[in-house]
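Student: 21 is the number of the first residue of the sequence shown in the numbering used here; add one for each residue after it.
Where is the CB? At the ideal position from N, CA and C, for every residue including glycine.
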Amino acid sequence: DGDSPLAAKLARDRGWALRQARRERATGTGLYRLGRLQESLEHSKRCLEMLGRPFPRGRAGFGVSFFLQALVQGWHMIRYRGASQGLPPADDRTAEAVRAYYCLLQVAFNRNDLSGYYYSNLCMLNQIEGTAPTRELAEGLAFMGFTTGLMHLWKMADAYFSRALDIAVLLD
């Protein structure tokens with residue numbers, strides 16, 4: 021029942037959690053712009069935890085999560101090929117998670133952390149694909165094209181760049 025006091029309390033709590041997550045992400049972004057990368061990393065990860073998408077801890081957790089994110093991305097490459105119009109917009113929690121992953125991606129790039137960069141990009145794309153085209157999706161696809169190009173996966177890089185360009189044209 022959507023009108024019950026418990027439902028109203030849960031909705032308020034979710035709204036509070038989203039506002040707190042937004043503050044953490046905005047703080048992380050600001051710290052990134054100030055060059056305080058470690059602090060930015062901590063705030064962005066805290067944002068993701070608040071949104072129920074915690075960053076994996078330890079090598080084993082990171083490795084398993086990385087593998088799973090790569091599998092999901094492979095599925096998305098097949099499922100969302102050419103599908104960009106008519107999709108619903110991302111909900112607020114997903115959009116906030118995408119922004120946090122974007123900040124983590126930038127931090128990883130500036131710290132020369134290739135695995136963190138690639139993982140953040142995978143997570144960002146996996147969160148935003150299946151929603152209406154956005155700047156973040158176009159940039160995430162372009163970043164993935166760059167990354168796969170560095171790995172000499174030319175056809176895959178071309179597919180990412182082509183899709184990024186298609187979405188950028190749609191947004192223009």
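Among 118, 142, 114, which one has its Cα closest to the Cα of residue 10?
Tutor: Missing from the structure shown is residue 10; the chain here goes from 21 to 192 and no further.
Student: Could you pull out every residue in the same chain whose Cβ sits closer than 8 angstroms to the Cβ of residue 151, ignoring the five residues on either side in sequence?
Tutor: Result list for residue 151: 107, 108, 109, 110, 114, 157, in chain order.
Student: Scan the segment 39-127 and note each continuous alpha helix (DSSP H) run of 4 residues or more that stays entirely inside, going in chain order.
Tutor: List check, alpha helix (DSSP H) in window: 57-70, 78-99.
Student: Would you identify the three-state DSSP class for residue 152, choosing helix, strand or coil?
Tutor: Coil.
Student: My output table needs one value for residue 183: the three-state DSSP class, helix, strand or coil.
Tutor: Helix, per DSSP.
Student: Thinking C-beta only, is residue 184 closer than 8 angstroms to residue 161?
Tutor: Cβ atoms of residue 161 and residue 184: closer than 8 angstroms.
Student: Would you tell me roughly how many angstroms separate the C-alpha atoms of residue 21 and residue 36, rounded to the nearest one?
Tutor: Confidence in residue 21 is poor, its pLDDT being 44 and thus under 50, which makes the residue's placement unreliable; the coordinate value appears in the next sentence. Cα to Cα, the separation comes out at about 21 angstroms.
Student: Out of 120, 154, 153, which has the shortest C-alpha to C-alpha gap to residue 139?
Tutor: Nearest of 120, 154, 153 to residue 139, Cα basis: 120.
Student: Quick one: what does DSSP say residue 173 is sitting in, helix, strand or coil?
Tutor: Residue 173: coil per DSSP, three-state reduction.
Student: Count the other C-beta atoms from every protein chain shown that fall within 10 angstroms of the C-beta of residue 79, then say buried if there are 16 or more, exposed otherwise.
Tutor: Residue 79 comes out exposed.
Student: Three or more C-beta pairs closer than 8 angstroms, one from the segment 43-56 and one from the segment 92-99: is that the case here?
Tutor: Not touching, per the Cβ criterion.
Student: Run the CB neighbour count on residue 45, radius 10 Å, all protein chains shown included, and call it buried at 16 or more, exposed below.
Tutor: With 16 or more other Cβ atoms within 10 Å, it is buried.
Student: Between the C-alpha atoms of residue 68 and residue 172, what's the straight-line distance to the nearest angstrom?
Tutor: Cα to Cα, residue 68 sits roughly 31 angstroms from residue 172.
Student: Ordered along the chain, which non-local residues of its own chain (more than five positions away) have a Cβ less than 6 angstroms from that of residue 92?
Tutor: Taken in chain order, the residues that qualify are 146.
Student: Compute every distance between the C-beta of residue 89 and the non-hydrogen atoms of the ligand ZN, then say whether any falls below 7 angstroms.
Tutor: The model on display carries no ligand, and the ligand ZN is accordingly not part of it.
Student: Label residue 58 either buried or exposed according to how many other C-beta atoms from any shown protein chain fall within 10 Å of its C-beta, with 16 as the threshold for buried.
Tutor: With fewer than 16 Cβ atoms within 10 Å of its Cβ, residue 58 is classed as exposed.
Student: Considering only their Cβ atoms, is the gap separating residue 42 from residue 159 smaller than 8 angstroms?
Tutor: No, they are not a contact pair.
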